[in-house]
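In what follows, a structure is listed as structure tokens, so that the remarks can point back to it.
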Amino acid sequence: MMYRNIDARGMHYTPLNRAIREAVASGVNTIEIEQVMGQRFIADGLRGDVSITIHGVPGGDLGMFMSGPTLIVHGNCEHAPGNTMDDGTIIIHGSAGDATAHSIRGGKVFVRDDIGYRGGIHMKQYLEKSPVLVVGGVFRAFLGEFMAGGLILVLGRNSRAPIRERGIGSGIHGGRIIIRGDVEERYLGVGAKKTDLSDAELTAIFPLIREFGNHFGIDPEPFRHDPYVQITPSSSRPFANKYTWE
Amino acid sequence: MDGARVKTALSMMDERGSGEGAGYVAYGAFPEFADDYAIHVFFDNIHETKRAVDGELEKWGTIVHEEEIPTYEHPNIRKVHTPWRYFFKPDPSLMPRSTTPDDDIVLHLVMKINTTRPGALIYSSGKNVAVFKASGWPEDVADFYRIQDYKGYLWLGHNRYPTNTPGWWGGAHPFNLLHWSVVHNGEITSYGTNRRFIESYGYQCSMFTDTEVVAYLFDLLVRRHGLTPELAVRALAPPFWDEIDRMPPAEEKICRAIRLTYGPALMNGPFAIVVARPDAMVGFTDRIKLRPLVSGEMGNRLFISSEEAAIRVMEPEVDHITMPKAGEPIIGRVVA
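This is how it looks when you write it as structure tokens:
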């Protein structure tokens, strides 16, 4: 293991990202960044086999276009962590802002607590690329808006309140949203439909819950016995007649 | 608290601006003139327009004190206006039909001077309220006025990225009218409708940008119509009709009445807004949350910002960070 520590106090994101890239280019595979405070675009476009631990509150678009690295954040994130991420893992020990995992095309984002509005907006998948967003807490409106692929899993820890967030899967035309508990039909967005998650389907995604538990030291077993719903496109092309006429 | 910490917080978010406008407001900045209206004016030049403004003020009351607002030469700020402040006492007997003659005299003066006196713009008019704004980056504007020399119990700060009109001193936030100050991130796409509505009540828009209407709407709805700040937010960013249909009867009735009465005040488009008055601060976003807003608390202090890091840089030990729900106000009240 080659290790590098970076003190980001008062540092602009450009020299910070330069320091990260230089470290990775020189063979460092473990980086710890201290005193992060609002620097946006951290690890954007970064490639390679490297694990970066971030202490503090990174600014928006953390890990945008990133392909491969692992980012572990001890703090909350602002808007759009994992924006258009290609591959890799982001693990957030806290909450994240609006548009978490915006347009993500591969890799995994784990959020221990809550996310803001429009989580997983424009999420997509293609061939072997199938991104995942796992949210330990709750979400705000327009979850999975215009979703085209991938999986959003919401565990709803620490909240027994019924979900009252509108537009879930609004404009969804691919992928799946799985939510522990139930969601009233009226909170589904246009083009979304709800079904119960079968035992076999829960078993199939359970490794993700176990992985979530491993990241945050949370016992996954209690999640095995609860009911879940899944929200998917209402048909293979729910918007076929919306913008084009055949 | 002095202005230095607000400046540091804004400098965390320089990417949100373009260096074409920034500003600050401090409540409680003029304790020695606390009972007088602090009329702030941008003069294009003193010799041509100041006498006219003096004359308008003297028609309606007494200029208790006046001074050029101290500024400090800064390489990044071109001083295209001369900022001036008057401490003004209106004569309430001159507006006998009003129940709030002092405020209404000042409101009348602001609208009259801003629309009929080219070369003079009143950009702040509250009691014990100081506004500092110019074209430039937030740090530079702060240094230009040395805002660290001012103390206030309530501060707003803003970094502007003008998109629809050119940046200029009058277009920088905060926008102030009487006791109201407003900072805004976003774009009010219903500006045309809102402007027509507010102008029918005697307000006149003269700043070439959308945020101005928010200050006037709060003045109309809260000061003149007597709505609570909560109800004013319900008017500007109301719940959807399908939500209103499901409310308990009493709440449904008031929400329906507000939407029907204040339909033209409803604001569309993306926005996160913080409005201040001497005893309170209110933050809210548009109903579908197209702009970020984070709040934090520390003891009896409330912080509202676009980004959490900006709060943490002011108060590292902040212990209660939340993201308010879209369209729902977060309100801080001043405790004496």
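Just so you know, the protein sequences line up as chains A and B, in that order. The first sequence lines up with residues 11 to 256 when you count with the numbering used here. The second sequence lines up with residues 30 to 365 when you count with the numbering used here. Ideal Cβ positions, reconstructed from N, Cα and C, are used throughout, including at glycine. Just so it is clear, the structure is predicted and the values come from calculations on it, not from any experiment.
Think of a sphere of 7 Å around the beta carbon of Ala339/B: the chain A residues whose beta carbon falls inside it are Gly48, in chain order. The C-beta distance from Phe152/A to Gly177/A rounds to 4 Å, short enough to fall under 8 Å. Remark: C-beta atoms of Leu72/A and Ile101/A do not approach each other more closely than 7 Å.
Secondary structure note for Thr222/B: its alpha helix (DSSP H) is the uninterrupted segment 220 to 228. Looking only at Thr290/B, Trp270/B, Tyr291/B, the smallest Cα-Cα distance to Glu281/B is reached by Trp270/B. Looking at the DSSP output, Lys108/B sits in no beta bridge, so it has no partner there. In the DSSP secondary-structure assignment, Ala309/B is bridged to Arg306/B, Arg362/B. At a cut-off of 7 Å between beta-carbon atoms, Val67/A makes contact with chain B. For the segment 126 to 158 of chain A, there is no continuous alpha helix (DSSP H) assignment of 4+ residues that stays within its boundaries. When Leu198/A, Ile241/A, Leu163/A, Arg150/A are compared, the shortest CA-CA separation from Lys118/A is found for Leu163/A. Per the C-alpha coordinates, the member of Pro112/B, Thr91/B, Glu87/B, Val93/B positioned closest to Pro99/B is Pro112/B. If you draw a straight line from the Cα of Gly104/A to the Cα of Ile189/A, it is about 19 Å long. Counting only unbroken stretches of 4 or more residues, the alpha helix (DSSP H) elements lying wholly within the segment 164 to 245 of chain A are 209 to 226, in sequence order.
Around the beta-carbon of Glu337/B, 16 or more other beta-carbon atoms lie within 10 Å, marking it buried.
Assignment of beta strand (DSSP E) within the segment 274 to 353 of chain B, counting only whole runs of 3 or more residues, yields 300 to 306, 309 to 314, 323 to 327, 330 to 334 in chain order.
Within the segment 343 to 357 of chain B, contact with chain A at the beta-carbon level (separation under 8 Å) is assigned to Ile350, Met352, Lys354, Ala355. In the DSSP annotation of this structure, the continuous segment of the alpha helix (DSSP H) that includes Ala250/A starts and ends at 250 to 253. For Gly160/A, the closest of His132/A, Thr80/A, Glu88/A by C-alpha to C-alpha distance is His132/A. Gly98/A is a Cβ neighbour of Met76/A, given a cutoff of 7 Å.
Rounded to the nearest whole angstrom, the CA to CA distance from Asp172/B to His103/B is 8 Å. Tyr190/B counts as exposed, since fewer than 16 other C-beta atoms from the protein chains shown sit within 10 angstroms of its C-beta. The segment 143 to 155 of chain B makes no contact with the segment 31 to 50 of chain B, as fewer than three CB pairs between them are under 8 Å. A Cβ-Cβ distance of about 16 Å is found for the pair Thr240/B and Val262/B, leaving them out of contact under the 8 Å criterion. The straight-line gap separating the alpha-carbon atoms of Gly155/B and Gly221/B is approximately 26 Å. Taking 3 residues as the minimum length, the beta strand (DSSP E) runs contained wholly in the segment 177 to 265 of chain B are 183 to 188, 204 to 206, 209 to 215, in order along the chain.
Look at the beta carbons and you see the segment 244 to 252 of chain A not touching the segment 162 to 170 of chain B: under three pairs across the two are nearer than 8 Å. Residues Asn188, Ser335, Glu336, Ala339 of the same chain have their beta carbon placed closer than 7 Å to that of Met42/B, with the five preceding and five following residues left out of the count. Boundaries for Met140/B: no beta strand (DSSP E) harbours it, while the alpha helix (DSSP H) harbouring it runs 130 to 145, taken from the DSSP string.
For Asn297/B against Thr218/B, the beta-carbon gap comes to about 5 Å, under 8 Å, which counts as contact.
For a cut-off of 8 Å, the C-beta gap from Ile41/A to Ala35/A is around 12 Å, too long to register as a contact. Of the candidates Phe300/B, Pro293/B, Ala294/B, Pro268/B, Pro268/B places its Cα closest to the Cα of Arg285/B. Across the set Lys88/B, His69/B, Arg107/B, the C-alpha of His69/B shows the shortest separation from the C-alpha of Phe116/B. The beta-carbon of Gly126/A is placed less than 7 Å from the nearest beta-carbon of chain B.
At least one CB of chain A lies nearer than 7 Å to the CB of Glu336/B.
A direct Cα-Cα distance of roughly 14 Å separates Arg275/B from Glu194/A. For Leu150/B, the secondary structure class from DSSP, reduced to helix, strand or coil, is strand.
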